[in-house]
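Participant: At position 3 of the sequence shown the residue is numbered 3 (the UniProt record's numbering), and the sequence of numbers has no breaks. Beta carbons: idealized from backbone N, C-alpha and C, even for Gly.
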Amino acid sequence: MRKAGLDESSVGIKIAGRNINNLRYADDTTLMAESEEELKRLLMQVKEESAKVGLKLNIKKTKIMASGPLTSWQIDGEEMEIVTDFIFLGSKITADRDCIQEIKRHLLLRRKAMANLDSILKSRDITLPAKVRIVKAMVFPVAMYGCESWTIRKAERQRIEAFELWCWRRLLRVPWTARRSNRSVLGEINPDCSLEGQILKMKLKYFGHLMRRKDSLEKSLMLGTIDGKRRGWQRMRWLDGVTGAVGVSLSGLREMVEDRKAWRSVVHGVAMGRTRLRD
1 MRKAGLDESS VGIKIAGRNI NNLRYADDTT LMAESEEELK RLLMQVKEES AKVGLKLNIK
61 KTKIMASGPL TSWQIDGEEM EIVTDFIFLG SKITADRDCI QEIKRHLLLR RKAMANLDSI
121 LKSRDITLPA KVRIVKAMVF PVAMYGCESW TIRKAERQRI EAFELWCWRR LLRVPWTARR
181 SNRSVLGEIN PDCSLEGQIL KMKLKYFGHL MRRKDSLEKS LMLGTIDGKR RGWQRMRWLD
241 GVTGAVGVSL SGLREMVEDR KAWRSVVHGV AMGRTRLRD
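(1) What does the Cβ neighbour count give for residue 279, buried or exposed, with the cut at 16 atoms within 10 Å?
(2) Taking contact to mean at least 3 C-beta pairs separated by less than 8 Å, is the region 258-275 in contact with the region 199-217?
(3) So residue 12 and residue 32 are supposed to be a Cβ contact under 8 Å. How far apart are they, rounded?
(4) Would residue 186 and residue 168 qualify as a contact pair, given that the criterion is a beta-carbon distance under 8 Å?
(5) Can you give the Cα-Cα distance for residue 126 and residue 111, rounded to whole angstroms?
(6) Between which two residues does the alpha helix (DSSP H) containing residue 123 stretch?
(7) Please check the pair residue 257 and residue 212, which I expect to be a contact at CB under 8 Å, by giving their CB distance rounded to whole angstroms.
(8) In chain order, what are the residue ranges of uninterrupted beta strand (DSSP E) at least 3 long that sit wholly in the region 58-127?
(9) First and last residue of the beta strand (DSSP E) that includes residue 206?
(10) By Cβ distance below 7 Å, which residues in the same chain neighbour residue 206 in space, the five residues on each side in sequence not counted?
(11) Is it the case that the region 20-36 contacts the region 84-95, given that we only count it when at least three CB pairs across the two stretches are under 8 Å?
(12) What are the partner residues of residue 243, as DSSP defines its beta bridges?
(13) Which partner residues does residue 29 have in the DSSP bridge list?
(14) Residue 161 and residue 172 look like a contact to me (Cβ under 8 Å); what is the Cβ gap, rounded to whole Å?
(15) I need the DSSP call for residue 190, collapsed to helix, strand or coil.
(16) Return the CA-CA distance between residue 178 and residue 263, expressed in angstroms with no decimal places.
(17) Check whether the Cβ atoms of residue 246 and residue 266 lie closer than 8 Å to each other.
(18) Leaving out five residues before and five after residue 48 in sequence, what residues of the same chain have Cβ atoms less than 6 Å from its Cβ?
(19) Using a Cβ-Cβ cut-off of 8 Å (strictly less than) and excluding sequence neighbours within five positions of residue 154, which residues of its own chain qualify?
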């Protein structure tokens, strides 16, 4: 991939003055460009350089995703599959750049993980505090995988909160027909931090880690803007969730993260503040 000259190419997406046209992890590679012609040029560079060392581009495993309408796509006469979403490193990437499908997907996986624990959660030989710790250790991480990159709005927060309450009611064997308030369920479980609070804690820790780095691709993506004309309506940004949660502007956060001990205290306080008792 390095010999293909992608990093030196001017083709790609401009973010904060930085040109980005490929993301690589092990044997997974994602190519990015602003137009169909530029993307074909990048793909041909990779294909030709791979052929020199005896490697062949697998068309069946290569997918194309565009932010605009695209009906067909060919390379050297071979038809390539056009998709509206794909899984990359365990996360679902969608053409509309929204993370709602990714959140729904992880909550569904978490339901399956919860169902697999039924025999343990029904056991009378295991105490309630132990069962709560089992759920936090074996179910919550499934739902939180990759949550550092999520942009969570009001609808997603309500979905996450409802799902956590579903888990606790299932653990306590409370049927949906029972007229029992959420407050009483949470009072019996006594969680030290809600699932939403844990997700927010992961995001803030990740933000602090990136802000303390002098220069990195992740930091450029987080702070930079994409060059060119914006399409569609104004979306909530990932940074909006961070600044809104802490209640401090971005310039103020830049100073706060430099003091690691103080930042850990801020993160803990914000996360614990998301444990709500609501009926």
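Facilitator: Short version:
(1) Here residue 279 corresponds to residue number 279 of the sequence shown, with the count starting at 1. Only weak support exists for where residue 279 lies, its pLDDT of 42 falling under 50; the value from the coordinates is given anyway. The residue in question, residue 279, is exposed, as its Cβ has fewer than 16 Cβ neighbours within 10 Å.
(2) yes
(3) By 1-based counting over the sequence shown, the position of residue 12 is 12. By 1-based counting over the sequence shown, the position of residue 32 is 32. Correct: roughly 6 Å between the Cβ atoms.
(4) To locate residue 186, count along the sequence shown from 1; it is residue 186. To locate residue 168, count along the sequence shown from 1; it is residue 168. In this structure, residue 168 lies closer than 8 Å to residue 186 by Cβ.
(5) On the sequence shown, position 126 is the one that residue 126 refers to. On the sequence shown, position 111 is the one that residue 111 refers to. Rounded to the nearest angstrom, the two C-alpha atoms are 21 Å apart.
(6) Numbered from its first residue, the sequence shown carries residue 123 at position 123. Looking at the DSSP string, residue 123 is not in any alpha helix (DSSP H), and its letter there is neither H nor E.
(7) Locating residue 257 in the sequence shown gives position 257, counting from the first residue. Locating residue 212 in the sequence shown gives position 212, counting from the first residue. That pair is a contact at about 6 Å.
(8) 85-88, 91-94
(9) Residue mapping note: residue 206 aligns to position 206 of the sequence shown, counting from 1. Looking at the DSSP string, residue 206 is not in any beta strand (DSSP E); the run it does join, the alpha helix (DSSP H), is 195-211.
(10) The residue labelled residue 206 in the question sits at position 206 within the sequence shown. Once the five neighbours on either side are set aside, the close Cβ partners of residue 206 are 148.
(11) Flag = yes, the region 84-95 and the region 20-36 touch.
(12) Taking the sequence shown and counting its residues from 1, one reaches residue 243 at position 243. Paired residue(s): none; residue 243 is not in a bridge.
(13) Position 29 of the sequence shown, counted from the first residue, corresponds to residue 29. In the DSSP assignment, residue 29 forms a beta bridge with 24.
(14) Taking the first residue of the sequence shown as position 1, residue 161 is located at position 161. Taking the first residue of the sequence shown as position 1, residue 172 is located at position 172. Not a contact, Cβ separation roughly 17 Å.
(15) Taking the sequence shown and counting its residues from 1, one reaches residue 190 at position 190. It is coil, neither helix nor strand.
(16) As a first step, residue 178 must be located in the sequence shown, where it is residue number 178. As a first step, residue 263 must be located in the sequence shown, where it is residue number 263. Looking at the two C-alpha atoms, the distance is approximately 42 Å.
(17) Within the sequence shown, residue 246 is the residue found at index 246, counting from 1. Within the sequence shown, residue 266 is the residue found at index 266, counting from 1. Cβ atoms of residue 246 and residue 266: closer than 8 Å.
(18) Against the sequence shown, residue 48 aligns to sequence position 48. Taking residue 48 as the centre and dropping the five residues before and after it, the same chain places no C-beta closer than 6 Å to its C-beta.
(19) In the sequence shown, the residue the question calls residue 154 occupies position 154. So the list is empty, once near-sequence residues are dropped.
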